[in-house]
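Residue numbers (my numbering): 6 to 715.
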């Protein structure tokens, strides 16, 4: 059978929209707290923004340039993919707004929270809004006329605006068209205003409604004929000619500033907007009819992210979890001493990220530490790790930091940190030309007596203390000599002109990682054909690479049992007889964003486990610097196996991909206990920490708890 058939694949863009539908489902679940449901809706809206700014924009660019290259898996052209995106996208947006109006708004009212329009205000509330408008809103507004001397303004990407049709109070001649103007809803002001009420009920009105109530004050001498909100999404991908750029940092700074001026790719309009006004905007923005999204509700639901974080509504959110101290650090007198004894696995957010922060802080002040080298892809806004690296340089350490300036939508933040690190005396590099450095690795070189010891941290996730509380990721500390040697060679490769070295333990992209994965898959194929046990379990964020998918098809055909835990995009179609009938694809969507990458190979009974910064996506294999590293310690292997097994048993947050390309929600069978893997991992982490602390307390050896932060 021909494995490389279009019918065996799912289009990437379609798969992404299916993923966002799974996120939207979390907003429908009555067993999720109300404000968490609002947050999931906001996440869906934010995801859609990025999808249009990057993926749809890319397809439109292909169409504009006349690039006829079809999707190499499904054979769909750019035009066909855009048509499918429009068809599914409109249905998805309608689904989100039905969810808002039919489920979430009524649920908010039951909690005494209401969003109201101008016609629902009491006389006292209207007076309050009028005073707020004149004192706080009116001074910030700038009406923009559009006529022969005022071209259509270049409105910022994702800004919320009000389109206004006007006519002079003086009689307009029959042949004259109404005047057109735009009022931008200022992002510097809160998106919603709380109104005074009697009793315990809380009432809110959106800022755009406040402006529309008094829109005539901006146009004295004119009558407002029509006003309605609209929002433009623009192409926000940046393209940098790194070969020709004299200063990559300056070039990316320039490109980021252009992001708000990219070509329009989507226009959202309030459903009250007249067809004539919609057509006027569409013409000015050079969009197709399918690019117009008419919405019966508030445009830009991302405001619900901030709204759902109001502190007084903690009872309407998930109960907070306290990340636990990893058991291997409990009772240890020093972090380096603990790592020197054994490899240590951290499972975030169930276990604290503080040891990682402390690793860099401790190295910055330890007189025995000679050098620190680290990659930074995404960091928090006030990153304690970056501050520690700067302090290390000021303390005379040799500090090398690779800051990835091209981390999408984090470019500005990373530019700021790169400059601060350079000012502190760090040696800052921006990676390899044409590649994004997506690997997550930190190396500390320490003198211990007559020896030089290298301590290494490797991870599936970013060095971001904020997302470490929201994303599930795995990190490993090790002082093994072979890992230290590989880490040194890795940084030398990035900072110098050396060819990729011969690694002792790791594998890297873009040279060798895909081959390493293909070799591991083919080894399972050989085991299966020889009658030995053969199984693959791979957990990742996305699966798009055609070569790897075809290798999995071959493995399934050879008898290898394959379980894939793919959170988001999956272009592999499982369950096809003779092709993928031994492949099962699951997706877990829950409270935390599943971000870890775990790769398991049964290897005829000699089990092997790997962690990686890379998904099985073509971009990870050919256009990014990635690291795959083995987990060698037996107890850590067993822990990773347990994580995979529990996730495959999840019947609360797991979906299964069917052969028809649709996802089906897994539900507990009658009498079957619920298995919510994320909550189970937290309870296990808490129990393990308690048991370790108790065992130490009961021993005769006096111990002190670790100081995780300096």
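Yeah, the Cβ is synthetic: ideal placement off N, Cα and C, and Gly gets one too.
*Comparing alpha-carbon positions, which option in 488, 369, 520, 240 lies nearest residue 345?*
Looking up residue 345 in the chain shown gives position 340. Ranking 488, 369, 520, 240 by Cα distance to residue 345 puts 488 first.
*Have a look at 325, 227, 189, 240 and flag the residue whose alpha-carbon is nearest the alpha-carbon of residue 215.*
The count along the chain shown starts at 1 and reaches residue 215 at position 210. Closest option to residue 215, judged by alpha-carbon separation, among 325, 227, 189, 240: 189.
*Buried or exposed: which applies to residue 12, given that a residue is buried once 16 or more other Cβ atoms fall within 10 Å of its Cβ?*
Start at 1 with the first residue of the chain shown, and residue 12 comes out as number 7. Exposed is the call here.
*Out of 200, 194, 169, 201, state which residue places its alpha-carbon closest to the alpha-carbon of residue 222.*
One-based indexing of the chain shown puts residue 222 at position 217. That would be 169, whose Cα lies nearest to the Cα of residue 222.
*When the Cβ atoms of the segment 642 to 655 are set against those of the segment 605 to 614, are three or more pairs found closer than 8 Å?*
yes
*Spell out the partners DSSP gives residue 639 in its beta bridges.*
Walking along the chain shown from the start, residue 639 turns up at place 634. Looking at the DSSP assignment, residue 639 forms no beta bridge with any residue, so it has no partner.
*Does the beta-carbon distance from residue 601 to residue 660 come in below 8 Å?*
Residue 601 sits at position 596 when you count from the first residue of the chain shown. Residue 660 sits at position 655 when you count from the first residue of the chain shown. Their beta carbons are not under 8 Å apart, which means residue 601 does not touch residue 660 by this criterion.
_Extent of the continuous alpha helix (DSSP H) to which residue 94 belongs_ = Your numbering for residue 94 matches position 89 in the chain shown. 83 to 103 is the span of the alpha helix (DSSP H), which, as asked, contains residue 94.
*Taking C-alpha atoms, which residue in 64, 313, 351 lies nearest to residue 641?*
By one-based count along the chain shown, residue 641 stands at place 636. Comparing Cα positions, the closest option is 351.
*Looking only at its own chain, which residues have a Cβ that is under 8 Å from the Cβ of residue 307, when we skip the five neighbours before and after it?*
Residue numbering aside, residue 307 sits at position 302 when the chain shown is read from its first letter. Non-local beta-carbon contacts of residue 307 in its own chain, meaning distances under 8 Å to residues more than five positions away in sequence, involve 47, 50, 51, 54 in chain order.
*For residue 480, count neighbouring C-beta atoms within 10 Å of its own C-beta (all shown protein chains included) and say buried if the count is 16 or more, exposed if not.*
As a working note, residue 480 is residue 475 in the chain shown. By the 10 Å Cβ count, residue 480 comes out buried.
_At 3 residues or longer, what runs of the beta strand (DSSP E) sit wholly inside the segment 345 to 384?_
349 to 353, 374 to 381
_Assigned exposure category for residue 140 - 16 Cβ within 10 Å defines buried_ = Start at 1 with the first residue of the chain shown, and residue 140 comes out as number 135. It counts as exposed.
*asked:* Less than 6 Å between C-beta atoms, sequence neighbours within five positions excluded: which residues of the same chain meet that for residue 569?
replied: Position 564 of the chain shown holds residue 569. Same-chain partners within the cutoff: 543, 590.
*DSSP-derived helix/strand/coil call for residue 490*: The residue you call residue 490 lines up with position 485 of the chain shown. In this structure, residue 490 counts as helix in the three-state DSSP scheme.
_Coarse secondary structure for residue 445, derived from DSSP in three states_ = For the purposes of this step, residue 445 is taken as residue 440 along the chain shown, with counting starting at 1. Coil, per DSSP.
*asked:* The alpha helix (DSSP H) that contains residue 289, what's its start and end?
replied: Sequence index remark: in the chain shown, residue 289 carries index 284 (1-based). Unbroken alpha helix (DSSP H) run through residue 289: 280 to 290.
_residue 443 burial status per 10 Å Cβ neighbour count (16 or more: buried)_ = Your numbering for residue 443 matches position 438 in the chain shown. Around the beta carbon of residue 443, 16 or more other beta carbons lie within 10 angstroms, which makes this residue buried.
*Do the CB positions of residue 228 and residue 149 come within less than 8 Å of each other?*
Start at 1 with the first residue of the chain shown, and residue 228 comes out as number 223. Start at 1 with the first residue of the chain shown, and residue 149 comes out as number 144. Against a cut-off of 8 Å, the Cβ pair of residue 149 and residue 228 comes out as no contact.
*Please name the residue or residues paired with residue 152 in a DSSP beta bridge.*
Position 147 of the chain shown, counted from the start, is the residue given in the question as residue 152. BP columns for residue 152 point to 155.
*Distance between residue 397 and residue 18 (C-alpha atoms, nearest Å)*: Counting from one through the chain shown, the residue named residue 18 turns up at place 13. Counting from one through the chain shown, the residue named residue 397 turns up at place 392. Using only the alpha carbons, I get a separation of about 44 Å.
_Burial state of residue 143 (16 or more Cβ within 10 Å)_ = As a position in the chain shown, residue 143 is number 138, starting the count at 1. Exposed is the call here.
*Would you call the segment 387 to 405 and the segment 626 to 639 in contact, with 3 or more CB pairs under 8 Å?*
no
*Rounded to the nearest angstrom, how far is the Cβ of residue 16 from that of residue 135, given a contact under 8 Å?*
Counting from one through the chain shown, the residue named residue 16 turns up at place 11. Counting from one through the chain shown, the residue named residue 135 turns up at place 130. Actually they are not in contact, since the Cβ atoms of residue 16 and residue 135 sit about 51 Å apart, beyond 8 Å.
*If you draw a straight line from the alpha carbon of residue 427 to that of residue 382, how long is it in whole angstroms?*
Taking the first residue of the chain shown as 1, we reach residue 427 at position 422. Taking the first residue of the chain shown as 1, we reach residue 382 at position 377. Computed Cα separation, rounded: 16 Å.
_Range of the contiguous alpha helix (DSSP H) that encloses residue 51_ = As a working note, residue 51 is residue 46 in the chain shown. Where residue 51 is concerned, the enclosing alpha helix (DSSP H) stretches over 39 to 55.
*Taking the alpha carbon of residue 719 as the point to measure from, which residue in 630, 211, 160, 626 has its own alpha carbon closest?*
Past the boundaries of the shown model lies residue 719; the chain is included only from 6 to 715, so the question cannot be answered.
*Determine, using beta carbons only, whether residue 33 and residue 104 come nearer to each other than 8 Å.*
Against the chain shown, residue 33 aligns to sequence position 28. Against the chain shown, residue 104 aligns to sequence position 99. Residue 33 is a Cβ neighbour of residue 104, given a cutoff of 8 Å.
*Report all residues from its chain with a CB closer than 7 Å to the CB of residue 586; omit the five preceding and five following residues, and keep chain order.*
As a first step, residue 586 is located in the chain shown; it is residue number 581 there, counting from the start. Closer than 7 Å at the Cβ level, and outside the excluded window around residue 586, lie 561, 580.
*asked:* Rounding to the nearest angstrom, what Cα-Cα distance links residue 81 and residue 584 in this structure?
replied: Here residue 81 corresponds to residue number 76 of the chain shown, with the count starting at 1. Here residue 584 corresponds to residue number 579 of the chain shown, with the count starting at 1. If you take the alpha carbons of residue 81 and residue 584, they lie about 21 Å apart.
_Please report the straight-line C-alpha distance between residue 212 and residue 408, rounded to a whole angstrom._
On the chain shown, residue 212 is found 207 positions in, with the first residue counted as 1. On the chain shown, residue 408 is found 403 positions in, with the first residue counted as 1. Cα to Cα, residue 212 sits roughly 38 Å from residue 408.
*Give the secondary structure of residue 238 by DSSP, where H, G and I count as helix, E and B as strand, and everything else as coil.*
Here residue 238 refers to the residue found at position 233 of the chain shown. Strand, per DSSP.
*residue 551 in three-state terms, based on DSSP*: Along the chain shown, one-based indexing puts residue 551 at 546. Residue state, collapsed to three classes: helix.
*Exposed or buried, residue 249, counting other C-beta atoms within 10 Å across all chains shown (16 or more means buried)?*
On the chain shown, position 244 is the one that residue 249 refers to. Because the pLDDT of residue 249 is 46, which lies under 50, any placement of that residue in the model is unreliable, and the number read from its coordinates should be weighed accordingly. With fewer than 16 other Cβ atoms within 10 Å, it is exposed.
*Just to confirm, are residue 447 and residue 403 a CB contact at a threshold of 8 Å?*
As a working note, residue 447 is residue 442 in the chain shown. As a working note, residue 403 is residue 398 in the chain shown. Contact: no.
_Rounded straight-line distance, which links the Cα of residue 546 to that of residue 435_ = Here the question's residue 435 lines up with position 430 in the chain shown. Here the question's residue 546 lines up with position 541 in the chain shown. Cα-Cα distance, rounded: 25 Å.
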